[in-house]
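Everything on this sheet refers to the single structure shown next.
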DNA sequence: TCCCGGCCGTGACATTTGTCAGGGGCCGGA
DNA sequence: TCCGGCCCCTGACAAATGTCACGGCCGGGA
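Chains as they are written, first to last, in the working numbering: chain A, 1 to 210; chain B, 211 to 420.
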């Protein structure tokens with residue numbers, strides 16, 4: 001596959017400098033791969049990609065500035081020829097769905113053996129799709145978020161803690177409305193608590209989008 | 211420091227295979243370092259260390275089976291000559307304190323530049339202590355956990371969600387007692403909620419120990 | 001020895017939370 | 001056009017939560 005000609009150019013985005021560097025070291029061992037850029041924030045992805053023109057971008061989901069999903073969308077618009085491989089810590093079903101919808105070509109969890117990463121990169125570069133099979137099944141089973149937009153927003157805000165009154169003030173809603181949304185969210189998630197609902201929604205990746 | 215003689219033998223412990231492999235690649239680039247073992251669970255650290263006799267062990271804090279702190283203690287007992295360098299995602303003040311108390315020689319956050327890791331390993335191997343200065347300051351400021359043993363236990367159990375009745379049943383306590391402990395914990399953490407208290411305690415690393 | 005603090009429990013109380021039954025406005029599809 | 005879904009609000013209710021004051025049991029230090 002690597003005919004000794006031009007290697008695949010990679011951009012790495014991960015907020016943890018240590019893993020970022022380690023991934024760079026790992027991938028640089030492959031002679032048909034070369035890391036041309038590293039960034040630690042989501043909002044640096046597009047500017048840096050413009051400068052370094054990578055073939056494939058490895059994006060973490062959890063990043064400051066802009067999450068990996070949003071960065072994927074932006075990058076697809078700015079550099080349509082650059083493929084995106086999303087690498088994340090959490091195998092949350094919603095993440096995979098959102099990533100694919102945003103235009104990612106692949107989705108890999110950080111649990112996967114290190115040896116497979118280079119292959120994933122090559123596959124993605126070749127125009128194929130790479131998806132963790134376990135996660136794909138789970139995604140289909142879990143389905144998209146059942147939460148309405150407001151419910152999601154309320155839950156997201158409630159994540160930070162605080163009483164109903166606090167939430168109502170922050171969201172410019174009535175306390176009763178906030179309670180109703182929370183109640184609906186609790187029902188839909190099958191939780192028994194507000195805290196429970198937040199945990200469920202978070203685990204499924206339904207709380208993305210800042 | 212590396213006289214071309216025997217290299218420093220390393221054991222890596224991290225539950226994320228990808229990061230583990232990447233770290234191995236990164237550290238293997240240094241000619242005075244060699245990775246002799248990799249494990250993905252805390253309870254595999256000691257058995258594997260017995261077999262491979264490493265000079266330095268790099269342990270993640272968040273691991274299944276046994277957390278990195280507990281693994282540190284166990285390793286210090288089993289192989290007193292093997293130094294421990296704790297590497298973690300979260301810069302929680304309590305983690306650093308607990309790690310040092312457990313006998314770790316160094317503590318590094320995954321935010322630190324990749325280039326410094328090898329140096330940290332060498333320092334630790336040389337008998338020096340390596341500590342993130344920012345974190346050290348924060349640790350002193352935050353201080354040890356103000357929570358009593360039972361309060362910690364109750365909070366830890368409450369983390370999983372569930373009502374007071376559930377907690378009481380799980381802990382073989384009366385509901386009133388559980389409420390009292392929770393109330394005390396809420397007061398001590400300066401939180402306004404149970405959920406809030408859990409978040410604060412967790413962020414400070416006061417909820418360790420399974 | 002006494003005292004203090006952690007621990008366990010009780011009971012009562014105010015507050016917060018979650019639920020339910022309404023009502024009205026908006027928009028898009030049948 | 002009407003209907004259904006989402007959104008916002010109200011009001012009321014039961015349940016859960018958080019607080020307080022109280023008492024008793026223990027163990028360690030002054």
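Glycine included, C-beta positions come from ideal geometry on N, C-alpha and C.
For chain A, is any of its Cβ atoms less than 7 Å away from the one on residue i?
i: residue 414 of chain B; result: no
i: residue 217 of chain B; result: no
i: residue 398 of chain B; result: no
i: residue 275 of chain B; result: no
i: residue 244 of chain B; result: no
i: residue 272 of chain B; result: no
i: residue 236 of chain B; result: yes
i: residue 322 of chain B; result: yes
i: residue 406 of chain B; result: yes
i: residue 231 of chain B; result: yes
i: residue 280 of chain B; result: no
i: residue 383 of chain B; result: no
i: residue 239 of chain B; result: yes
i: residue 306 of chain B; result: no
i: residue 227 of chain B; result: yes
i: residue 224 of chain B; result: no
Can a CB atom of chain B be found closer than 7 Å to the CB of residue i?
i: residue 207 of chain A; result: no
i: residue 37 of chain A; result: no
i: residue 193 of chain A; result: yes
i: residue 165 of chain A; result: no
i: residue 245 of chain A; result: Coverage of chain A is limited to positions 1 through 210, which leaves residue 245 of chain A absent and any answer about it impossible.
i: residue 200 of chain A; result: no
Is DSSP giving residue i helix, strand or coil here?
i: residue 316 of chain B; result: strand
i: residue 394 of chain B; result: helix
i: residue 200 of chain A; result: helix
i: residue 139 of chain A; result: helix
i: residue 61 of chain A; result: coil
i: residue 12 of chain A; result: strand
i: residue 295 of chain B; result: strand
Since residue i and residue j are thought to touch, with beta carbons under 8 Å apart, how far apart are those beta carbons, to the nearest angstrom?
i: residue 158 of chain A; j: residue 192 of chain A; result: With a Cβ gap of about 15 Å, residue 158 of chain A and residue 192 of chain A do not count as contacting.
i: residue 415 of chain B; j: residue 343 of chain B; result: Rounded, the Cβ-Cβ distance is 18 Å, inconsistent with contact.
i: residue 388 of chain B; j: residue 381 of chain B; result: 7 Å
i: residue 213 of chain A; j: residue 131 of chain A; result: Here chain A comprises residues numbered 1 to 210, so residue 213 of chain A is not present and cannot be evaluated.
i: residue 234 of chain B; j: residue 248 of chain B; result: 6 Å
i: residue 108 of chain A; j: residue 33 of chain A; result: Residue 108 of chain A to residue 33 of chain A, Cβ: 15 Å. No contact.
i: residue 14 of chain A; j: residue 60 of chain A; result: 4 Å
i: residue 22 of chain A; j: residue 229 of chain B; result: 7 Å
i: residue 361 of chain B; j: residue 391 of chain B; result: 5 Å
i: residue 62 of chain A; j: residue 89 of chain A; result: 7 Å
What residues in its chain sit with their C-beta under 7 Å from that of residue i, if we drop five residues either side in the sequence?
i: residue 313 of chain B; result: 282, 283, 286 and 294
i: residue 114 of chain A; result: 26
i: residue 167 of chain A; result: 154, 157, 158 and 178
i: residue 202 of chain A; result: none
i: residue 408 of chain B; result: 365, 368 and 369
i: residue 183 of chain A; result: none
Let's see if you can read the secondary structure: which residues bound the alpha helix (DSSP H) around residue i?
i: residue 157 of chain A; result: 149-158
i: residue 80 of chain A; result: Residue 80 of chain A -> no alpha helix (DSSP H), and no H or E assigned at all.
i: residue 260 of chain B; result: 255-262
i: residue 166 of chain A; result: 164-171
i: residue 238 of chain B; result: 227-238
i: residue 120 of chain A; result: 115-125
i: residue 97 of chain A; result: 93-101
What does a CB cutoff of less than 6 Å around residue i pick up in its chain, not counting 5 residues either side in sequence?
i: residue 200 of chain A; result: 189 and 191
i: residue 265 of chain B; result: 218, 219 and 335
i: residue 406 of chain B; result: none
i: residue 349 of chain B; result: 303, 306 and 307
i: residue 146 of chain A; result: 188
For a test of your reading of the model: does the CB of residue i fall under 6 Å from any non-hydrogen atom of the ligand GTP? Yes or no.
i: residue 216 of chain B; result: The ligand content of the structure shown is nil, which means the ligand GTP is not present either.
In chain order, what residues of the same chain have a beta carbon less than 8 Å from the beta carbon of residue i, not counting five sequence neighbours either side?
i: residue 17 of chain A; result: 40
i: residue 308 of chain B; result: 279, 415 and 418
i: residue 253 of chain B; result: 275, 276 and 281
i: residue 135 of chain A; result: 91, 93, 96, 107 and 109
i: residue 45 of chain A; result: 11, 13, 39, 57, 59, 66, 71, 74 and 75
i: residue 321 of chain B; result: 301
Going by DSSP, what residue range makes up the beta strand (DSSP E) through residue i?
i: residue 244 of chain B; result: 243-249
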